[in-house]
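Participant: Heads up, the sequence shown is in this note's numbering, so the first residue is 1 and it goes up one at a time. Ideal placement from N, C-alpha and C gives every residue a C-beta, glycine not left out. Pasting a structure below so you can have a look.
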Amino acid sequence: MRPNRYIILVSIVLGIVGTWLSADAVGQYLNMARSFASVNAEYVEDSFVWLDAEHERARAEFTVTNASDNDAVLDYLGMNLYFDGRFAGARYVQWEPVEVPAGESVTVDVSFFTSITEIRPQGGEAEISVQGQLRLNFDNIERDMTVRTSGTIGQVPYEGQD
């Protein structure tokens with residue numbers, strides 16, 4: 001019995017297409033993994049300042065670095081403020097997306113509101129730290145990525161005038 005040349009031809013074409021699709025899927029997965037591993041957010045040292053003497057409002061800067069080959073958009077940034085390890089407040093204002101081009105860093109201002117009134121007076125003497133997460137959307141990648149971030153700020157007394 002002789003093999004049918006059309007069946008062999010179709011089998012070869014399907015094999016080539018299947019191999020190409022598999023290689024493309026692996027390439028996309030590696031691109032996604034590299035992009036996700038190439039982003040971080042860090043507190044900018046000495047950028048935390050109290051905006052009032054009652055330690056109710058503060059601001060700090062964070063640098064988001066996108067060392068991947070894909071442009072990204074920082075869709076969301078959520079940050080919590082801690083005094084001596086206890087939750088004190090958070091960033092409560094609406095977030096506007098920020099573009100973070102491939103291979104670049106963007107510094108963003110983050111406003112904090114101390115919502116726990118019973119520990120608010122401790123703001124000037126407490127060991128301040130932050131924890132949060134950011135959500136990024138990459139060009140050429142269908143899934144969003146969430147990155148956790150944290151930083152120890154230290155003690156920051158109020159230094160300005162109302």
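(1) By Cβ distance, which residues of its chain are closer than 6 Å to Gly78, with the 5 residues on each side in sequence left out?
(2) Between Gly103 and the rest of its own chain, which residues show a CB-CB distance below 6 Å, the 5 nearest in sequence each way excluded?
(3) Under 6 Å Cβ to Cβ from Arg135, same chain only, skipping five residues before and after it: list those, please.
(4) Going straight from the alpha carbon of Ile16 to that of Asn4, what length do you get?
(5) Are Ile119 and Arg86 touching if we call contact CB-CB under 8 Å?
(6) What does DSSP give as the partner residues of Phe112 in its beta bridges?
(7) Can a CB atom of chain B be found closer than 8 Å to the CB of Ala41?
(8) If you drop the 5 nearest sequence neighbours on each side, which residues of the same chain put their C-beta closer than 6 Å to that of Tyr158?
(9) Report yes if the CB atom of Val98 is closer than 8 Å to the CB atom of Val110, and no otherwise.
(10) Taking the Cβ atom as the reference point for each residue, do Phe62 and Gly89 lie within a distance shorter than 8 Å?
(11) Cα separation between Glu142 and Gln122?
Facilitator: A quick look at the data gives this:
(1) Gly132 and Gln133
(2) none
(3) Asp75, Tyr76, Asp144 and Thr146
(4) 19 Å
(5) yes
(6) Ala58
(7) Among the protein chains of the structure shown there is no chain B, as only one such chain exists.
(8) Trp50, Ala53 and Gly124
(9) no
(10) no
(11) 44 Å
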